[in-house]
Amino acid sequence: MTAAQLIARRRPLDAVAPWARRNAWTLGLVAFLALLLVYTKLIQASYDSFAVQYLAIGVLPLALAAVAQAVVVMCGGIDLSIGSMMAVTNVVCAMMMLHHSEQYGVVVVLVVLLLGLVLGAINGALVVLTRVPDIVVTLAMSFVWAGCALLVTAAPGGSASEWLTNLVLGSVVSVWIPQSAVVLAIVVAVVWIPLSRSRLGLSIYAVGSNRLAAFRSGVPVGRTKFAAYALTGLFSAFAGLALTASTGIGTPVPGPYTLMSVAAVVLGGVSLAGGRGGLLGPIIAVVVLQLIRTDMTFLNIDTNYAYIAQGLILVGVVMFGSLVQMRRSRA
Amino acid sequence: MSAAVHAGRRLDTAAWRNLFRDRPLIPLTALLIVLVAAIQIADPGIVNLPWCGLIMRASVPLAILGGCQTLTMLTGGIDLSVASIASMAGFVTATFVHSPGGWVEGMAVGLVAAALAGLVTGIGVGVFRVHPLIMTLAMSFVVLGFSNVWQLQTLQTGAGVPDQLRWVGSTTLFDIIPYSLLVFVPLTLLILLGLRRTGFGRLLFAIGDNPVAARLSGVRSWQVLIVLYVISALLAAIAGLVLSGFTNTASVSLADPYLLSSVAAAVLGGTSIMGGRGGFGGTIVGALILTVLTALLTVLGLPEPARQILFGSIIVAVAAAYTRVTAEA
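Residue numbers (the numbering used here), protein chains in the order written: chain Z, 114 to 444; chain Y, 1438 to 1766.
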């Protein structure tokens, strides 16, 4: 065997190993999700493609909220107003679609996405300009956006265009591929993949991992943070649209999405300190959390224990992560 | 001469800055007085002694919960489990009213449960170095879950807020001085003296200001953090007891609206969320400001949406002003 052959032989593994190490957390989550699905099928033989579609629709809003949170957390910030921004975009969408044609609905979706971008941009501008800690600004803005949602409509109402509702229903190609999962993948891919390959994507990671170093290497820290918050607003608008699509109405009161999105982001391997992680991890984490809930109902366990389980899983996983981190830094 | 004037003016602004940075209570109290004056102008005659009593009564639970945030924020943390722990304590106490042990037993159970929750949080944050935001968020899910389970267990026995808690939470001496001060004043003294005069208080500042320096000077951070989160949970439980007396309700989500407000009170009071700077005095005034602000917006007859929008905007504005003034030149 010649040296050249040896190199050619080793190359695929060499390429895979670092990739696997880099994405160990996400791969672990995927494996866990697969195990969980098998287990679900074992305890509930009737768990079929319909249930999978149902699961995909159920997790769509939270998955998009987790994506929104992940973007800003990677940039070293945190956005506690995601739930309120979702409420605003949700009611604006539902109220504008009421008594209007299907074609008008397309315009509404574009307007709502723009609105989300603007809401996020306002958050970002305030964080950058006032230099108040992110958590305080977005906390205060969560009141503001929740108030705006109530301004639009005081009571749940409105409706969703039929095409929007149908967008998340059913399946594509095979009954096992829910359409809402495809929608989620397309949304994330179209917005995030070109962006993460661009200068801005790199800047987001740079600012998140070390603000000062990023600044000294010429990264426009303020502009990057602003852009990250605007993106978070955009994804929150997608999440609000998903709410409209899955519930068919607009609800002006923010759901539990803000804090759940923080939990999902951390479970998904995005460090709260910033600069690390991807978008796939948080999405899988959301599915895992929801599936655990489903399994508990199959096992006839009181759903209140699901809260406890979620909390314990969150603690356990994060403790495990920090133990690994500690051991690695000691070695 | 113009140079001298210029220098004088610069000295003036520097003095102002120092005043705001070192004595945040003065501008905060001024803001509080302005708000009270505004409410008096908006509705002449509303500000009298009973009104002050009402404001104090409403502020006490918020101020105690703000205290939890102040203490944890001093170390660079935050406690998102205060609301569920507070609700849990109030709710558990109420479920014991008709049991043989009575409300005293209930209160003991609530406080012990809170201390346990705090202990677990503290171990997570101190020993396992989990981010406080995540640890306390997870703990809030766990506590809420257990409260719900407990609710299902005790649904038949019926629940009512014990008279004694109602007395503490919502009655006043001569229509003015709320009895909740009987709880609040000792707690305040304990916290203020604890922060200023004890080694533990100084350790909180030290850990928040520079964790590495604290560790290198021999501080066992993990012990300090465990004690801190137990204290925070106990304070939250006490706030929950007072709150259930004040509102005369006991539910597993009673204190939920107070979670974000408690963080806001601490931030308004000048405690830095990055750790190492702040104090409980400011938080008390912060809680009063938030309560008076809510009252003012109600008096102005603003609809709920406008109230929320203004509430948020004012928090951002004050926090921004703070950051501007206290920023290192």
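Just so it is clear, CB atoms sit at the ideal spot from N, CA and C, and this is done for glycine as well.
Keep in mind the model is a prediction, meaning the values are calculated, not measured.
Problem set entry | Straight-line Cα distance separating residue 1582(Y) from residue 292(Z) | Start at 1 with the first residue of the first sequence, and residue 292(Z) comes out as number 179. Start at 1 with the first residue of the second sequence, and residue 1582(Y) comes out as number 145. Taking the straight line from one Cα to the other gives about 33 Å.
For this session: Reducing DSSP to helix, strand and coil, say where residue 190(Z) ends up.
Result: Residue numbering aside, residue 190(Z) sits at position 77 when the first sequence is read from its first letter. Assigned with DSSP and collapsed to three states, residue 190(Z) falls in coil, not helix or strand.
Exercise. Should residue 220(Z) go down as buried or exposed, given a rule of 16 or more other Cβ atoms within 10 Å for buried?
Worked result: As a working mapping, residue 220(Z) is identified with position 107 in the first sequence. Exposed.
Exercise. Given a threshold of 16 other Cβ atoms within 10 Å of its Cβ, counted over all protein chains shown, does residue 212(Z) qualify as buried or as exposed?
Worked result: For the purposes of this step, residue 212(Z) is identified with residue 99 of the first sequence, where counting begins at 1. Counting C-beta atoms within 10 angstroms of its own C-beta, residue 212(Z) has fewer than 16 neighbours from the protein chains shown and is therefore classed as exposed.
Exercise. Expressed to the nearest angstrom, what Euclidean distance is found between the alpha-carbon atoms of residue 476(Z) and residue 1525(Y)?
Worked result: This structure leaves residue 476(Z) out entirely; chain Z is present only between 114 and 444.
Exercise. Hey, how far is the Cα of residue 1780(Y) from the Cα of residue 350(Z)?
Worked result: Past the boundaries of the shown model lies residue 1780(Y); chain Y is included only from 1438 to 1766, so the question cannot be answered.
Exercise. Residue 412(Z) lies in the alpha helix (DSSP H); which residues open and close that run?
Worked result: Sequence index remark: in the first sequence, residue 412(Z) carries index 299 (1-based). Where residue 412(Z) is concerned, there is no enclosing alpha helix (DSSP H), given that its DSSP letter is neither H nor E.
Exercise. In terms of DSSP beta bridges, what is residue 284(Z) paired with?
Worked result: Looking up residue 284(Z) in the first sequence gives position 171. Under DSSP, residue 284(Z) shares a beta bridge with 291(Z).
Exercise. Going by Cα to Cα distance, which pick from 1462(Y), 1603(Y) and 1530(Y) is closest to residue 1591(Y)?
Worked result: The residue you call residue 1591(Y) lines up with position 154 of the second sequence. Checking every option, the nearest Cα to that of residue 1591(Y) belongs to 1530(Y).
For this session: Scan the region 1484-1508 of chain Y for residues whose Cβ lies nearer than 9 Å to a Cβ of chain Z and list them as they occur along the chain.
Result: For the region 1484-1508 of chain Y, the set of positions with a beta-carbon nearer than 9 Å to some beta-carbon of chain Z is empty.
For this session: Closer than 8 Å, Cβ to Cβ, to anything on chain Z: give me those residues from the region 1509-1522 of chain Y, in chain order.
Result: Those would be 1515 and 1517, in chain order.
Problem set entry | Three-state class that DSSP yields for residue 1569(Y) in the structure shown | In the second sequence, the residue the question calls residue 1569(Y) occupies position 132. It is helical.
Problem set entry | Residues that DSSP places opposite residue 1492(Y) in a beta bridge | Here the question's residue 1492(Y) lines up with position 55 in the second sequence. Paired residues: none, contrary to the question.
Problem set entry | DSSP three-state assignment for residue 270(Z), whether helix, strand or coil | Numbered from 1 along the first sequence, position 157 holds the residue referred to as residue 270(Z). Shown here, residue 270(Z) sits in a strand according to DSSP, grouped into three states.
Problem set entry | Proximity below 8 Å, CB of residue 191(Z) to CB of residue 248(Z) | Here residue 191(Z) is taken as the residue at index 78 of the first sequence, counted from 1. Here residue 248(Z) is taken as the residue at index 135 of the first sequence, counted from 1. Yes, Cβ-Cβ distance for residue 191(Z) and residue 248(Z) is below 8 Å.
For this session: Only counting runs of 4 or more residues, tell me where the alpha helix (DSSP H) segments fall wholly within the region 198-264 of chain Z, in order along the chain.
Result: For the region 198-264 of chain Z, whole alpha helix (DSSP H) runs of length 4 or above, ordered along the chain, are 215-243.
For this session: Could you list the residues in the region 173-195 of chain Z with a C-beta less than 7 Å from some C-beta on chain Y, going in chain order?
Result: Hits within the stretch: zero.
For this session: Please classify residue 426(Z): does DSSP put it in a helix, a strand, or coil?
Result: Numbered from 1 along the first sequence, position 313 holds the residue referred to as residue 426(Z). Of the three classes helix, strand and coil, the one that applies to residue 426(Z) here is helix, per DSSP.
Exercise. Buried or exposed: residue 1707(Y), going by 16 or more other Cβ atoms within 10 Å of its Cβ?
Worked result: On the second sequence, residue 1707(Y) is found 270 positions in, with the first residue counted as 1. Buried is the call here.
For this session: Have a look at the DSSP bridge pairing and note the partners of residue 363(Z).
Result: In the first sequence, residue 363(Z) corresponds to position 250, counting from 1. Residue 363(Z) is bridged to 270(Z).
Exercise. Nearest chain Z C-beta to residue 1765(Y) closer than 8 Å, yes or no?
Worked result: The count along the second sequence starts at 1 and reaches residue 1765(Y) at position 328. Residue placement at residue 1765(Y) is poorly supported in this model, since its pLDDT is 49, which falls under 50; the coordinates still yield a value, given next. No, residue 1765(Y) does not count as interfacial toward chain Z.
For this session: Keeping to the same chain, check which residues put their C-beta closer than 6 Å to that of residue 446(Z); ignore five residues upstream and five downstream.
Result: Past the edges of chain Z, shown from 114 to 444, lies residue 446(Z), and the structure says nothing about it.
Problem set entry | Per-residue DSSP class, three states only, for residue 1766(Y) | For this step, residue 1766(Y) is matched to residue 329 along the second sequence. The predicted position of residue 1766(Y) is uncertain, since its pLDDT is 38 and thus under 50; no value can be drawn from it.
Problem set entry | Distance between residue 1669(Y) and residue 1701(Y) (C-alpha atoms, nearest Å) | Position 264 of the second sequence, counted from the start, is the residue given in the question as residue 1701(Y). Position 232 of the second sequence, counted from the start, is the residue given in the question as residue 1669(Y). Each residue's alpha carbon lies about 17 Å from the other.
Problem set entry | Inter-residue spacing [alpha-carbon to alpha-carbon] between residue 218(Z) and residue 279(Z) | Taking the first sequence and counting its residues from 1, one reaches residue 218(Z) at position 105. Taking the first sequence and counting its residues from 1, one reaches residue 279(Z) at position 166. Residue 218(Z) and residue 279(Z) have their C-alpha atoms some 13 Å from each other.
Exercise. In or out: residue 306(Z) buried (at least 16 other Cβ within 10 Å) or exposed?
Worked result: Counted from its first residue, the first sequence places residue 306(Z) at position 193. By the 10 Å Cβ count, residue 306(Z) comes out exposed.
Problem set entry | Alpha-carbon spacing of residue 366(Z) relative to residue 1746(Y), whole angstroms | Here residue 366(Z) refers to the residue found at position 253 when the first sequence is read from its first residue. Here residue 1746(Y) refers to the residue found at position 309 when the second sequence is read from its first residue. In this structure, the alpha-carbon of residue 366(Z) lies about 14 Å from that of residue 1746(Y).
Problem set entry | Straight-line gap, residue 114(Z) to residue 371(Z) (C-alpha atoms, nearest Å) | Position 1 of the first sequence, counting from 1, holds the residue named residue 114(Z). Position 258 of the first sequence, counting from 1, holds the residue named residue 371(Z). Residue confidence is low: residue 114(Z) scores 49 on pLDDT, short of 50, so the model does not pin down where it sits. No coordinate-derived value is stated.
Exercise. In whole angstroms, what is the alpha-carbon distance linking residue 397(Z) and residue 407(Z)?
Worked result: Against the first sequence, residue 397(Z) aligns to sequence position 284. Against the first sequence, residue 407(Z) aligns to sequence position 294. Each residue's alpha carbon lies about 15 Å from the other.
For this session: Starting from residue 1525(Y), find everything on chain Z with Cβ-Cβ shorter than 8 Å and list it in chain order.
Result: Within the second sequence, residue 1525(Y) is the residue found at index 88, counting from 1. Residues of chain Z passing the Cβ test: none, with the nearest at roughly 12 Å.
Exercise. Which bits of chain Y does residue 244(Z) rub up against, with CB to CB less than 9 Å?
Worked result: For the purposes of this step, residue 244(Z) is taken as residue 131 along the first sequence, with counting starting at 1. Within 9 Å Cβ-Cβ: 1757, 1760, 1761 and 1764.
Exercise. Rounded to whole angstroms, how far is the Cβ of residue 205(Z) from the Cβ of residue 232(Z), which I believe are closer than 8 Å?
Worked result: Here the question's residue 205(Z) lines up with position 92 in the first sequence. Here the question's residue 232(Z) lines up with position 119 in the first sequence. Not really, about 10 Å apart at Cβ, beyond 8 Å.
For this session: List in chain order: all unbroken alpha helix (DSSP H) runs of 4+ residues lying wholly within the region 1518-1568 of chain Y.
Result: If we require 4 residues or more, the alpha helix (DSSP H) runs fully inside the region 1518-1568 of chain Y come out as 1519-1532 and 1539-1563.
Exercise. Which chain Z residues are close to residue 1772(Y), counting only those with a beta carbon under 7 Å from its beta carbon?
Worked result: Residue coverage of chain Y in this structure runs from 1438 to 1766, which leaves residue 1772(Y) outside it and unanswerable.
Exercise. If you drop the 5 nearest sequence neighbours on each side, which residues of the same chain put their C-beta closer than 7 Å to that of residue 401(Z)?
Worked result: One-based indexing of the first sequence puts residue 401(Z) at position 288. Take residue 401(Z), set aside five residues on each side of it, and the residues of its chain with a beta-carbon closer than 7 Å to its own are 142, 145, 146 and 149, in chain order.
For this session: Output the boundary residues of the alpha helix (DSSP H) element that contains residue 1660(Y).
Result: Position 223 of the second sequence, counting from 1, holds the residue named residue 1660(Y). Element bounds for residue 1660(Y): 1658-1684.
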